[in-house]
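Student: Here the protein sequences line up with chains W and Z, keeping their order.
Counting in our numbering, the final residue of the first sequence is number 619, and the numbers go up one at a time with none missing.
Counting in our numbering, the final residue of the second sequence is number 348, and the numbers go up one at a time with none missing.
Even glycine gets a Cβ: it sits at the ideal position worked out from N, Cα and C.
I have a structure I would like to understand better, so I am pasting it below and will then ask my questions one at a time.
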Amino acid sequence: RGCSRSTRVLFHEYSIKAAILIQRWYRRYVARLEMRRRYTWNIFQSIEYAGEQDQLQLSSFFSFMLDNFTHMNGNGPGNKYLISHLLDSVVDPLTEEVRQLKYEQIVVPESYCGPRLSFPLSVTDTNALLSAFKEEQTLHGKYVLQLLYETKKFLKQMPNIIYLSTSYAKEITICGDLHGRLDDLLLIFYKNGLPSAENPYIFNGDFVDRGKKSTEIIIILFAFLLLYPDHMHLNRGNHEDHIMNLRYGFTREVMQKYKTHGREMLQLLQDVFSLLPLATVIDNKVLIVHGGISDKIDLDFLSTVERHKVKSVLRLPKRSVVDILWSDPKNQSGCSPNYFRGGGCYFGPDVTQALLQKHGLCLLIRSHECKQEGYELCHNGQVITIFSASNYYEEGSNRGAYVKLGPELVPRFFQYQVSRSTRKLTLHQRVCVAEGSALRALKEKLYAHRSDLMAAFQQYDIDNTGRISTSEWAQVVESVLRLDLPWRTLRPRLARLGADGNVEYESCFEDISPGEPIPPVTPNLAETLYRYRTDLEIIFNIIDKDHSGQISIEEFRQTWKLFSSHLGVAVDDQTIDDMARSIDFNKDGSIDFNEFLEAFRVVHKLDIKEQQQG
Amino acid sequence: MADKYSADTIITETQKRISNAFDVFDHESNKTVDVREIGTIIRSLGCFPSEADLHDIIAELEEEEPTGFVRYEKFLPTMTKILLERKFRPITEDLLLQAFEVLDQQKKGHLEPEELTKYLTQEGEPFTQEEMDEMLSAAVDPDKNVILYKDFVSMMTFDDTR
Chain W
6 RGCSRSTRVL FHEYSIKAAI LIQRWYRRYV ARLEMRRRYT WNIFQSIEYA GEQDQLQLSS
66 FFSFMLDNFT HMNGNGPGNK YLISHLLDSV VDPLTEEVRQ LKYEQIVVPE SYCGPRLSFP
126 LSVTDTNALL SAFKEEQTLH GKYVLQLLYE TKKFLKQMPN IIYLSTSYAK EITICGDLHG
186 RLDDLLLIFY KNGLPSAENP YIFNGDFVDR GKKSTEIIII LFAFLLLYPD HMHLNRGNHE
246 DHIMNLRYGF TREVMQKYKT HGREMLQLLQ DVFSLLPLAT VIDNKVLIVH GGISDKIDLD
306 FLSTVERHKV KSVLRLPKRS VVDILWSDPK NQSGCSPNYF RGGGCYFGPD VTQALLQKHG
366 LCLLIRSHEC KQEGYELCHN GQVITIFSAS NYYEEGSNRG AYVKLGPELV PRFFQYQVSR
426 STRKLTLHQR VCVAEGSALR ALKEKLYAHR SDLMAAFQQY DIDNTGRIST SEWAQVVESV
486 LRLDLPWRTL RPRLARLGAD GNVEYESCFE DISPGEPIPP VTPNLAETLY RYRTDLEIIF
546 NIIDKDHSGQ ISIEEFRQTW KLFSSHLGVA VDDQTIDDMA RSIDFNKDGS IDFNEFLEAF
606 RVVHKLDIKE QQQG
Chain Z
187 MADKYSADTI ITETQKRISN AFDVFDHESN KTVDVREIGT IIRSLGCFPS EADLHDIIAE
247 LEEEEPTGFV RYEKFLPTMT KILLERKFRP ITEDLLLQAF EVLDQQKKGH LEPEELTKYL
307 TQEGEPFTQE EMDEMLSAAV DPDKNVILYK DFVSMMTFDD TR
């Protein structure tokens, strides 16, 4: 029984027990954080994809509006031209020579101290651009127009599929989605070197939207494209599409940065985007496309598609182009429609295998999906997803990565993460920041559907106690919001339990309140306006031809009428008129629509409380 | 009015909790999860198994021919049993504090990072370097460069309940 054990042996026994205890406890702590990180991820992705589905609805609204626009007042044909101008491809009325001359004649003021590009571009120009953007300078509109014009000319000669070889260079670097994150691009160049003959690059689409520096990114990428046409390659992504840009921020960014020339730039960009190649093949062995493939894809057929005609797949859904730009891989066999995204397919390992075999390929590299580590392998290593925008959903949400391929075609991955703060965050802090952001987004969704949710809750609450079971609560939320999330796991973060263990369903709206004092509208209408804020903003921006931020009350009324009839939302004219007039502060018959939309912002009360205490 | 605390209800509620936690890691929505996530799922449901415990559970859950995936049909009964029997009871704040005190042989009131590292990476079910680094980043007081374990334990237990 051990009466003569020395204290040291005894201590040793106890210390092992203590260590095991601490290890057991700590691993459980980390597991809980991992759970929270994982459902935070699910939240962000669900909301993102649900938003993309809405995009299709918006697109059909544009068609609707186009057909009905002539009934709106104003400058008649001028208005209609604007809409088509922004939504459809327009035959370029100017000849090449005239256009080139026009840009050359744009005068750049002496006071402008940014880069002055000269074509053909040289390394001096690209260096000047990089320095300027690091200093937060803006490139003058003249040079942007010239750059876009030269890029368009260049891309016209490119085929749909570019064939490359590694034999003349050590390694090719492939980058994924950047989404306007200039910091990530600069970090990649810092770690991996600038593009050159010895350092070729492929950028696999989605350069723009969501981030705030999309313009700077495409300027840099196009500049390098013109400078090193044999060593710099760009594939089209699903966000290289002017209708997506209307919704996800690129159009707004261009119009804000370039008030004079913005519209012409956007027009040029429509062409440039549609002229971007659809795929790249390395050594006849590695296929690189932005989204993915389907069981209907054939590379020989793909090379014959008239890609320049597809300005936006939302207006002209050419099957092969949609599949290439929008598909996602899945683990089950087969090929099914990608209902999550609203376009493209889910393709299984068998589809990958079949396509690779058909064309004698060994690897598919694609992007399009955010991955926590910046990259991910699937389909038995035959598919690589590469994503280059770190912190995509929120600070700390994910790393970015790029992949390098040498002649042996063995992929090497490099990860990074842009960090705003110099202080290293603990695991707990990182999870909390991202989780907070995801939950805020989720609460806003709840708020935006409050009426429908309350109506459904009350159906279960026959005795009017204000409470229903967790099951019932989860069922209602899932069916109204149509987001496939682990609602029972999320419940503690979204709603309170009563003393009897049931959910007090009204508590899920407690944290959100409307921001500024809103115009006199019913809560129902406020909700609807909040839900469609983004869409309304896009439409207002289209109508506001001279970018003054103002539209007439009549235009506002007409737009709202059209929109609500298209959505089947019942709003009477009087309510809209009252609302419009109450926002017309100057009583001059025009509305500042940014102010109008501001009124339907929401505020998170918990955030305010924390700020006040902190 | 139904008795909300009947045994059936408890089992159903428990199973729904299990199902939800499982779903978070079911990326393909086909009722399977990667076997490497099982530990995380079990722990997030409130259990404190050791690595050895997990090893045994996983052996039970794997297929005849291991596929790397665990199916929900197998996971549910096993996990239900674990929860209803309250296996792998929680480690309380007090117990955790005592464990640190045991390691603090000289009763200094704190531990050196090297000390703690030695114990946790060499004894018991050793931490990986990554696990150790992560714990130290939260545990070490940046000014004094020691682990004030009493404060650390309070902070971690508070974090855990948020």
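Would a C-beta distance cut-off of 8 Å place GLY379(W) and ALA406(W) closer than the cut-off?
Tutor: Yes, the Cβ-Cβ distance between GLY379(W) and ALA406(W) is below 8 Å.
Student: Residues of the segment 413–447 of chain W with a CB closer than 7 Å to any CB of chain Z: list them in chain order, please.
Tutor: Those residues of the segment 413–447 of chain W that come within reach of chain Z (Cβ to Cβ, closer than 7 Å) are LYS429, THR431, LEU432 and HIS433.
Student: Can you tell me the Cβ-Cβ gap for PHE598(W) and GLY554(W), rounded? I've got them flagged as a contact below 8 Å.
Tutor: With 8 Å as the limit, PHE598(W) and GLY554(W) qualify as a contact, their Cβ atoms being about 7 Å apart.
Student: Please report the residue range of the beta strand (DSSP E) in which LYS409(W) lies.
Tutor: Its beta strand (DSSP E) spans residues 405–410.
Student: Assign VAL256(Z) to one of three DSSP states: helix, strand, or coil.
Tutor: Residue state, collapsed to three classes: strand.
Student: Is the separation between the beta-carbon of VAL149(W) and that of MET237(W) shorter than 8 Å?
Tutor: No, these two residues do not count as a Cβ contact at 8 Å.
Student: To the nearest angstrom, how far is it from the Cα of GLY216(W) to the Cα of GLY185(W)?
Tutor: Cα to Cα, the separation comes out at about 4 Å.
Student: Which residues mark the beginning and the end of the alpha helix (DSSP H) in which ASP239(Z) is found?
Tutor: Start and end: 237–247.
Student: At a CB distance below 8 Å, what residues from the segment 127–149 of chain W approach chain Z? Give them in sequence order.
Tutor: Cβ contacts with chain Z come from no residue of the segment 127–149 of chain W.
Student: Which first and last residues belong to the beta strand (DSSP E) in which VAL213(W) is found?
Tutor: Per DSSP, VAL213(W) belongs to no beta strand (DSSP E) and is neither H nor E.
Student: Among ASN197(W), LEU490(W) and VAL213(W), which one has its Cα closest to the Cα of TYR206(W)?
Tutor: Minimum Cα distance to TYR206(W) is reached at ASN197(W).
Student: Between GLU559(W) and THR45(W), what straight-line distance do the alpha-carbon atoms span, to the nearest angstrom?
Tutor: Near 43 Å, if we compare the C-alpha coordinates of THR45(W) and GLU559(W).
Student: Are the segment 389–404 of chain W and the segment 151–169 of chain W in contact at 8 Å, needing three or more beta carbon pairs?
Tutor: They do not touch, by the three-pair rule.
Student: So, with DSSP's three-state summary, where would you put ILE248(W)?
Tutor: The answer is helix: DSSP assigns ILE248(W) an H, G or I state.
Student: How do the segment 208–226 of chain Z and the segment 253–271 of chain Z stand: do at least 3 beta-carbon pairs fall below 8 Å, yes or no?
Tutor: Yes, since at least three Cβ pairs between the segment 208–226 of chain Z and the segment 253–271 of chain Z fall closer than 8 Å, the two stretches touch.
Student: Which of helix, strand or coil does DSSP assign to LEU26(W)?
Tutor: The answer is helix: DSSP assigns LEU26(W) an H, G or I state.
Student: Along chain Z, which residues have their Cβ under 8 Å away from the Cβ of PRO664(W)?
Tutor: Residue 664(W) cannot be examined here, being either before or after the span of chain W that is shown, 6 to 619.
Student: Under 8 Å, do ASP188(W) and VAL423(W) count as touching if we go by C-beta distance?
Tutor: Cβ distance < 8 Å, so ASP188(W) and VAL423(W) count as in contact.
Student: Apart from the five residues on each side of it in sequence, which residues of its chain come closer than 6 Å, Cβ to Cβ, to GLY7(W)?
Tutor: A caution first: GLY7(W) carries a pLDDT of 48, below 50, which makes its placement in the model too unreliable to give a value.
Student: Measuring alpha carbon to alpha carbon, tell me which of ILE544(W), CYS340(W) and VAL128(W) ends up nearest ASP300(W).
Tutor: Closest by alpha carbon: CYS340(W).
Student: Measuring only between beta-carbons, confirm whether LYS260(Z) sits less than 8 Å from chain W.
Tutor: Judged by the 8 Å Cβ criterion, LYS260(Z) is not in contact with chain W.
Student: What residue does the alpha helix (DSSP H) around ILE595(W) start on, and which one ends it?
Tutor: Ile is not the amino acid found at residue 595(W); the sequence shown has Ser there. Per DSSP, SER595(W) belongs to no alpha helix (DSSP H); it is in the beta strand (DSSP E), 595–597.
Student: According to a CB-to-CB cut-off of less than 9 Å, which residues of the segment 580–600 of chain W neighbour chain Z?
Tutor: Those would be none; no residue qualifies.
Student: Kindly list the residues whose CB is nearer than 7 Å to the CB of SER557(W), restricted to its own chain and excluding five residues on each side of it in sequence; keep chain order.
Tutor: Excluding positions up to five away in sequence, the list reads GLY594 and SER595.
Student: Under 8 Å Cβ to Cβ from ASP130(W), same chain only, skipping five residues before and after it: list those, please.
Tutor: Contacts found: PRO120, LEU122, SER123, ALA228 and LEU232.
Student: Would ARG222(Z) count as contacting chain W if we go by Cβ distances under 8 Å?
Tutor: Closer than 8 Å: no.
Student: In whole angstroms, give me the CA-to-CA distance for VAL128(W) and THR226(Z).
Tutor: Between VAL128(W) and THR226(Z), the C-alpha separation is close to 51 Å.
Student: Taking just the CA atoms, how far does LEU240(Z) sit from GLU223(Z)?
Tutor: Rounded to the nearest angstrom, the two C-alpha atoms are 11 Å apart.
Student: Along the segment 203–222 of chain Z, what residues have a CB closer than 7 Å to any CB found in chain W?
Tutor: Listed by position, the residues of the segment 203–222 of chain Z near chain W (Cβ gap below 7 Å) are ARG203, ASN206, ALA207, ASP209, VAL210, PHE211, GLU214 and ASN216.
Student: Taking only three categories from DSSP, how would you classify HIS17(W)?
Tutor: Helix, per DSSP.
Student: Should VAL318(W) and GLY297(W) be called a contact, given that it needs their Cβ atoms to be closer than 8 Å?
Tutor: For VAL318(W) and GLY297(W), no; Cβs fall outside 8 Å.
Student: Using a Cβ-Cβ distance cut-off of 8 Å, determine whether GLN387(W) contacts chain Z.
Tutor: By this cut-off, GLN387(W) is not an interface position.
Student: I need the straight-line Cα distance from LYS293(Z) to ARG33(W), nearest angstrom please.
Tutor: Rounded to the nearest angstrom, the two C-alpha atoms are 27 Å apart.
Student: Which term fits THR75(W), buried or exposed, when burial requires 16 or more other beta carbons within 10 angstroms of its beta carbon?
Tutor: Residue placement at THR75(W) is flagged as unreliable, the pLDDT there being 45, under the threshold of 50; the coordinate-derived value follows with that caveat. With fewer than 16 Cβ atoms within 10 Å of its Cβ, THR75(W) is classed as exposed.
Student: Runs of 3 residues minimum, wholly inside the segment 252–315 of chain Z: which ones carry the beta strand (DSSP E) assignment?
Tutor: Listed in chain order, they are 255–257.
Student: For the ligand NAP, is there a heavy atom less than 7 Å away from the beta-carbon of ASP290(Z)?
Tutor: The model depicted lacks the ligand NAP and carries no ligand whatsoever.
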